[in-house]
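Novice:
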Amino acid sequence: DGGITQSPKYLFRKEGQNVTLSCEQNLNHDAMYWYRQDPGQGLRLIYYSQIVNDFQKGDIAEGYSVSREKKESFPLTVTSAQKNPTAFYLCASSPGTLPIRTEAFFGQGTRLTVV
Amino acid sequence: SQQGEEDPQALSIQEGENATMNCSYKTSINNLQWYRQNSGRGLVHLILIRSNEREKHSGRLRVTLDTSKKSSSLLITASRAADTASYFCATGAGAGGTSYGKLTFGQGTILTVHP
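Line order of the protein sequences matches chains Z and C. Counted from 1, the first sequence has number 30 at position 30 by our numbering; the numbering is strictly sequential. To convert, count from 1 in the second sequence and add 115; that's our numbering.
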């Protein structure tokens, strides 16, 4: 089945730890995105990538890092520099590049909690 | 910064009634999209309207776009309890500007349909 897969579904992080959220897609999409969603809020863009080996900061990139070494993978690392990382993280992909002409497909999300 | 702002923030109706949600945005767009999110899940694409279109239909959904007012509305007719979800508008930016290449979401409208 084609789709976009995020793992794990739930993740717990201790203070000061880095954690990596996985996002894999087999849709052959060029563009991939990471969003953060806080309770009762909309989605805020963390990072996005239009092609392999290239990515840009979104609106709230501080404390996060990404890589795009393969077309199908776009992992997000939440570093210890992110002071309030507890949130719901959503990965998305869309076909084609600029401008955004088509819909985005979302994974089911990873809920990160700092303990 | 959020490109789209939805109104109302929450909407509660009875089954069979129509639900109307509005979205305003700030910069030029290539298209505007509406998504649905069930609680704790990823987003699902509903409909996309291009900047040169004024109205679009899909089943019980009707979307309008007024680029002169930088606003869009989503109408769900004959609502059902299963329509209960959060609804988000998202804009794909036009050429130029800092939003180029991004898919930017609003804060969302929480729709509750009572049986």
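Positions of the beta carbon are idealized from the N, C-alpha and C atoms, including for glycine. Given the structure is predicted, the values throughout are model-derived calculations rather than measurements.
1. Which residues mark the beginning and the end of the beta strand (DSSP E) in which Tyr150(C) is found?
2. Bridge partners of Gln25(Z), per DSSP?
3. Are the region 169-188 of chain C and the region 135-145 of chain C touching, with three or more C-beta to C-beta distances below 8 Å?
4. Would you check if there are 3 or more beta carbon pairs closer than 8 Å linking the region 5-17 of chain Z to the region 36-53 of chain Z?
5. Is the Cβ of Phe106(Z) closer than 8 Å to any Cβ of chain C?
6. Would Arg156(C) count as contacting chain Z if we go by Cβ distances under 8 Å?
7. Which residue marks the beginning of the beta strand (DSSP E) containing Glu170(C), and which one marks its end?
8. Please confirm whether Leu163(C) has its beta-carbon closer than 8 Å to some beta-carbon of chain Z.
9. Looking only at DSSP bridge pairs, what is Glu207(C) linked to?
10. State the beta-bridge partners of Arg122(Z) as determined by DSSP.
11. Which of helix, strand or coil does DSSP assign to Ala197(C)?
12. Just curious, the beta strand (DSSP E) that Tyr64(Z) is in, first and last residue?
13. Alpha carbons only, please: which of Gln129(C), Gly174(C), Arg156(C), Asn146(C) is nearest the one belonging to Ser201(C)?
14. Please state whether the Cβ-Cβ distance between Phe88(Z) and Leu158(C) is less than 8 Å.
15. With a Cβ-Cβ cutoff of 8 Å, do Gly109(Z) and Lys217(C) count as a contact?
16. Who are Ala134(C)'s beta bridge partners in DSSP?
17. Which of the three DSSP states is assigned to Gln129(C) in this structure?
18. Output, in chain order, the set of chain C residues within a Cβ distance shorter than 8 Å of Leu90(Z).
19. Take Ser129(Z) and list the residues in its own chain whose beta-carbon comes closer than 7 Å to its own, dropping the five residues that flank it on each side.
20. Report the three-state DSSP secondary structure of Glu72(Z) (helix, strand or coil).
21. Between Ala81(Z) and Gly63(Z), what straight-line distance do the alpha-carbon atoms span, to the nearest angstrom?
Specialist: The answer reads as follows:
1. 144-152
2. Ile4(Z)
3. yes
4. no
5. yes
6. yes
7. 170-173
8. yes
9. The amino acid occupying residue 207(C) in the given sequence is Gly; Glu does not appear at that position. Answer is Asn146(C), Leu218(C), bridged to Gly207(C).
10. Because residue 122(Z) is not part of the residues shown, which for chain Z are 1 to 115, the question remains open.
11. helix
12. 64-66
13. Arg156(C)
14. no
15. no
16. Ile191(C)
17. strand
18. Gly157, Leu158
19. The shown model of chain Z, from 1 to 115, leaves out residue 129(Z), and the question about it has no answer.
20. coil
21. 5 Å
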